[in-house]
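Novice: Here it is, the structure, as structure tokens.
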Amino acid sequence: MNDAAGATGRDWLTSTWPFVHAHLPSVPAQVIEVGCGSSGGFVPALQSAGYQAIGVDPEAPEGPEYRRIEFERHDGVEPVDAVVACTSLHHVADLDEVVDRISSTLVPGGGLVVLEWAWERFDEATARWCFARIAATDVDHGWLSHHRDEWLASSAPWGSYLQGWAREHRLHSASDVIAALANRFDTQLLTPCAYLFPDLEDTSEADEQAATDAGVIQATGVRYVGSLRSA
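For the sequence shown, my numbering puts the final residue at 1570, and the numbers step up evenly by one.
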């Protein structure tokens, strides 16, 4: 999980853990989380649930259950039963290389659970809806505050600003991530979901979903479940 991606706090982990857990094999399966971030991602929850879990991320916490290295450089692990990737794949340098590495890490038929951010769907209406819900006391100056301030300073149309930011950070779109996964995995589930609510004041997951259902904003979260395709 990459903390620069946005909805990556404890509220996000708590709200998405039931989905992740529901699509994993039975304990004590071996699970790797790709990009667990500095908070450790789902690794503590995985271990508490009885899984043999490790998290791989250059900024991972210290501890025997973590590997502080890029996933594509990580080596020496026996094939695992499942891989989890939460808001990490859109950041990787070489998407196809990472997807290939994930596939080689899994046992035949192994499972993959992905939570992603479809930044390309973060249109102006969705951005303005978010900016109106940023806490006035946003002392951490989170990612939404940063985008609001940078956009206003740029005087550019929102679409131009967003595309420029994505190019600068070399982000992969969610559609590109899903296309890359389709080369190696059979899709079992692919659905949009709420993503922004953890970083908004007095806004629940249900509030965001209601705004999406009403057509006020776009759904910028993606939930994906796949299984490794037989060679």
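A virtual CB, placed ideally from N, CA and C, is assigned to each residue, including glycine.
1) Going by DSSP in three states, CYS1375 sits in which element: helix, strand or coil?
2) Considering only C-alpha positions, which residue in the set ALA1553, GLU1436, GLY1498 and ARG1406 is nearest to GLU1463?
3) Might you give, ordered along the chain, the residues of its own chain that have their beta carbon closer than 8 Å to the beta carbon of LEU1445, omitting 5 neighbours on each side?
4) Taking 8 Å as the cut-off, decide whether the C-beta atoms of ILE1473 and GLU1540 are in contact.
5) Does the segment 1554–1567 touch the segment 1487–1503, meaning 3 or more C-beta pairs lie closer than 8 Å?
6) Tell me PHE1524's beta-bridge partners as DSSP assigns them.
7) Within the continuous beta strand (DSSP E) that includes GLY1449, where are the two ends?
8) Do VAL1373 and VAL1442 count as a contact pair if the criterion is CB distance below 8 Å?
9) Relative to the C-alpha of ALA1436, which candidate in ALA1384, GLY1394 and ALA1519 has its C-alpha closest?
10) Residues in the same chain with beta-carbon distance under 6 Å from LEU1363, minus the five sequence neighbours each way, listed in chain order, please.
11) Exposed or buried, what is ILE1408 when buried is set at 16 or more other beta-carbons lying within 10 Å of its beta-carbon?
12) Should LEU1528 go down as buried or exposed, given a rule of 16 or more other Cβ atoms within 10 Å for buried?
13) DSSP on LEU1529, reduced to helix/strand/coil?
Specialist: Based on what the coordinates show:
1) In the structure shown, CYS1375 sits in coil (DSSP, three-state: anything other than H, G, I, E or B).
2) When only C-alpha atoms are compared, the closest one is GLY1498.
3) Closer than 8 Å at the Cβ level, and outside the excluded window around LEU1445, lie PRO1418, VAL1419, ASP1420, ALA1421, VAL1422, LEU1451 and LEU1567.
4) Contact annotation: ILE1473 and GLU1540 have beta-carbon atoms nearer than 8 Å.
5) Not touching, per the Cβ criterion.
6) LEU1567.
7) Looking at the DSSP string, the run of the beta strand (DSSP E) that includes GLY1449 is 1445–1456.
8) Note that residue 1442 corresponds to Ser in the displayed sequence, not to Val. Their beta carbons are not under 8 Å apart, which means SER1442 does not touch VAL1373 by this criterion.
9) Note that residue 1436 corresponds to Glu in the displayed sequence, not to Ala. The shortest C-alpha to C-alpha distance from GLU1436 to any of ALA1384, GLY1394 and ALA1519 is the one to ALA1519.
10) The answer, listed in chain order, is ALA1421.
11) Exposed is the call here.
12) Exposed.
13) Reduced to three states, the DSSP call for LEU1529 is strand.
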